[in-house]
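Working notes, beginning with the structure itself.
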Amino acid sequence: MMSQVAGLGLCVTCQHGRTVTSRKGSTFLFCRRSEQDTRYPKYPALPMVRCPGYEETRKGERPSRGSVQA
Numbered sequence: 008m009m010s011q012v013a014g015l016g017l018c019v020t021c022q023h024g025r026t027v028t029s030r031k032g033s034t035f036l037f038c039r040r041s042e043q044d045t046r047y048p049k050y051p052a053l054p055m056v057r058c059p060g061y062e063e064t065r066k067g068e069r070p071s072r073g074s075v076q077a
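Numbering (this note's numbering), first residue to last: 8 to 77.
Right, here's the structure in full:
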């Protein structure tokens, strides 16, 4: 089932979504599918309501978190 959280869209609950925080404190959602497939944008426009690459995070797992020095 495709879930959406607080109006942010599918990326928040997708296995391929990763939260990225810049040095200035801004937070973005990065699509890890973009690393292998150029059809997926690195930072999709939110809310993403449809995505052929969406795979819901399994129960008990959380989407990836990370930080980047930007």
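We treat Cβ as the ideally placed atom computed from N, Cα and C, and that holds for glycine.
Asked: Roughly how many angstroms separate the alpha carbons of residue 57 and residue 65, rounded to a whole number?; Found: 19 Å
Asked: If distances are taken between C-alpha atoms only, which option among 31, 39 and 30 comes closest to residue 22?; Found: 39
Asked: Tell whether a beta-carbon distance below 8 Å holds between residue 37 and residue 25.; Found: yes
Asked: Helix, strand or coil for residue 57 per DSSP?; Found: coil
Asked: Which whole-angstrom value describes the C-beta separation of residue 18 and residue 51, a residue pair presumed to lie in contact below a C-beta threshold of 8 Å?; Found: 6 Å
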